[in-house]
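Notes for the one structure printed next.
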Amino acid sequence: MAPVSMAVVGAGQRGAGYARWAGRNPDRARVVAVAEPSAPRRARLAAEHGIAAGNAVSDWKELAGRGRLADAVLICTQDRMHVEPAEAFAALGYHILLEKPMAPDEAGCRRIVAAVETAGVMLAVGHVLRYTQYTRAVKEAADSGLLGDIMSVQHLEPVGFWHHAHSYVRGNWRRADLAASMLMAKSCHDLDWLQYILGRAPLRVSSFGSLAHFTAAGRPDGAADRCAACPVEADCPYSAPRFYGDLLQRGEHGWPLSVVIDDFTPAALDEALRDGPYGRCAYACDNDVVDHQVVALEFPGAITATFTMTAFTRAAPRSTRLFGTRAELAGDGQAIRVYDFLAQA
Ligand SMILES: NC(=O)c1ccc[n+]([C@@H]2O[C@H](COP(=O)([O-])OP(=O)(O)OC[C@H]3O[C@@H](n4cnc5c(N)ncnc54)[C@H](O)[C@@H]3O)[C@@H](O)[C@H]2O)c1
30 MAPVSMAVVG
40 AGQRGAGYAR
50 WAGRNPDRAR
60 VVAVAEPSAP
70 RRARLAAEHG
80 IAAGNAVSDW
90 KELAGRGRLA
100 DAVLICTQDR
110 MHVEPAEAFA
120 ALGYHILLEK
130 PMAPDEAGCR
140 RIVAAVETAG
150 VMLAVGHVLR
160 YTQYTRAVKE
170 AADSGLLGDI
180 MSVQHLEPVG
190 FWHHAHSYVR
200 GNWRRADLAA
210 SMLMAKSCHD
220 LDWLQYILGR
230 APLRVSSFGS
240 LAHFTAAGRP
250 DGAADRCAAC
260 PVEADCPYSA
270 PRFYGDLLQR
280 GEHGWPLSVV
290 IDDFTPAALD
300 EALRDGPYGR
310 CAYACDNDVV
320 DHQVVALEFP
330 GAITATFTMT
340 AFTRAAPRST
350 RLFGTRAELA
360 GDGQAIRVYD
370 FLAQA
């Protein structure tokens, strides 16, 4: 089969990441067009993939205006910029890989589904957790009968203290009106994954959560509005200079440092933390998404499940326990262990 030709809409963290995969797998896919308003990002992606000058444009509307240039489009713009490009590229006959969340509300999701059904194109949503070897192993175990009937599920998304501060306090997903709620932005993966593993949709859900810590009330005495000028920074786990400075020192230039600076020098980092969003005190931002939340779900077959997302962890892969009538499965995101009740092993 000829490699799939792809247009990238939004050459940010995700778009550039998918394009890198295509670069490593030229027999599977190649990037032939890009739409990205940031000139350095656009130029970098165009150079890495040998994209013709006329196919590197600054806006998705301009790209859509050229008609169909590729088999598929990767829509990797921010959360509130998915619906319109999905409709436009579907109408042009592009197959679509759309980043999650599809849209911030049900009406937006329905518009996307209607557009792809009318056009008869394929739509995949970036629920990337479904496609890992680990998920395949958990799914096989759940479907094999090894566990008997699954009765209860415990699933944890340990977002991690620094990841939470980076993305959900200081960063792009800090406010529901700018992006989406926490469950939609981060944990749509988890709710999708649970349904996928159990092979059914829930009947009932309830949920509680709050923004309890990263608020003005949580601010340590004497803290400044920015870490760079803060007298109590050394004692704060959420210090931006410590976290990003350590990454820079270790030469770890990928995400999340690549969100903060393009030029990987101490001077550029100092400037970004002095003036930019990522240097703000974690207790003096305009964030409103929750920092911890729990969801209780009831699935057909009397399966009960709980899901917890919390900022207050070491950053780690998601972990899951599936409790069946014949065995229990424990997975830490990398390995799974099954304890069989008959064998007691
Ligand atoms: N699947 C996952 O695991 C996963 C992980 C992180 C983020 N995401 C989702 O992926 C999406 C993108 O996230 P990101 O971290 O790459 O964001 P990002 O901000 O790094 O990238 C978005 C890019 O879109 C560009 N853009 C803005 N307006 C545009 C326009 N009119 N036309 C074309 N491009 C335009 C921006 O300049 C930016 O480079 C978000 O919806 C996010 O929630 C998915």
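Counting in my numbering, the final residue of the sequence shown is number 374, and the numbers go up one at a time with none missing. Don't be surprised by glycine CBs; every beta carbon is placed ideally from N, CA and C. Computed from a predicted structure; not experimentally measured.
Cβ-heavy atom distance, residue i to ligand 1, below 7 Å
i	result
V38	yes
N201	yes
A344	no
W89	yes
M110	yes
P69	no
P187	no
Q278	no
G149	no
K129	yes
V145	no
V157	yes
A64	yes
D161	Looking at the sequence itself, residue 161 is Thr, so the reference to Asp does not match. No, the Cβ of T161 stays beyond 7 Å of every heavy atom of ligand 1.
T164	no
C138	no
G44	yes
G305	no
Proximity below 8 Å, CB of residue i to CB of residue j
i	j	result
P269	L240	Here residue 269 is Ala; the residue named in the question, Pro, does not match the sequence. Result no, Cβ atoms of A269 and L240 do not sit closer than 8 Å.
A75	L92	no
P133	M213	yes
H193	D361	no
G44	V33	no
W89	P69	no
V318	A205	yes
L298	G274	yes
N84	L103	no
R343	D219	no
L176	L358	yes
V86	L127	no
Sequence-distant residues of the same chain with beta carbon closer than 6 Å to residue i, five excluded per side
i	result
L326	P231, V234 and A334
A337	First, the residue type needs correcting, since residue 337 is Thr and not Ala in the sequence shown. L185 and V323, listed in sequence order.
Q42	W284
Q224	A230
T339	H321
heavy atom of ligand 2 below 7 Å from residue i C-beta
i	result
A214	The model depicted lacks ligand 2 and carries ligand 1 instead.
Cβ shell of residue i (< 7 Å), same chain only, five flanking positions each side left out
i	result
R119	For the sequence presented, residue 119 should be read as Ala rather than Arg. Taken in chain order, the residues that qualify are I125, A144, V145, A148 and V150.
G96	L121
G247	Y312
A166	I365
C217	K129 and P130
G52	E77 and H78
C138	M131 and A132
Span of the beta strand (DSSP E) around residue i
i	result
T335	I332 to T339
V150	Careful: V150 lies outside any beta strand (DSSP E) and carries neither H nor E.
Q322	H321 to F328
E357	A356 to G360
A62	A58 to A64
E186	I179 to P187
A36	V33 to V38
Y368	I365 to D369
Close-in-space but distant-in-sequence residues of the same chain around residue i (CB under 8 Å, 5 per side omitted)
i	result
M180	A331, I332, T333, F352, G353 and T354
I80	V60, V61, A62, V63 and L74
D100	V33, S34, M35, Y123 and H124
A245	Y312 and A313
G189	A340, T342, R343, A344 and A345
D369	L175, R355 and A356
CB contact check: residue i to chain C, cutoff 8 Å
i	result
G83	The structure shown contains no chain C; it is built from a single protein chain.
Delimiting residues of the alpha helix (DSSP H) encompassing residue i
i	result
G44	Q42 to R53
S173	Q162 to S173
A115	V112 to A120
Y197	Y197 -> no alpha helix (DSSP H), and no H or E assigned at all.
S287	L286 to V289
R71	A68 to H78
A301	P295 to D304
A214	M211 to A214
Does the stretch 310 to 321 come close enough to the stretch 185 to 200 to have 3 or more Cβ pairs within less than 8 Å? yes
>> Whether or not the stretch 153 to 165 and the stretch 274 to 294 are in contact is what I'm after, with contact meaning three or more pairs of Cβ atoms, one per stretch, closer than 8 Å; do they touch?
In response: no
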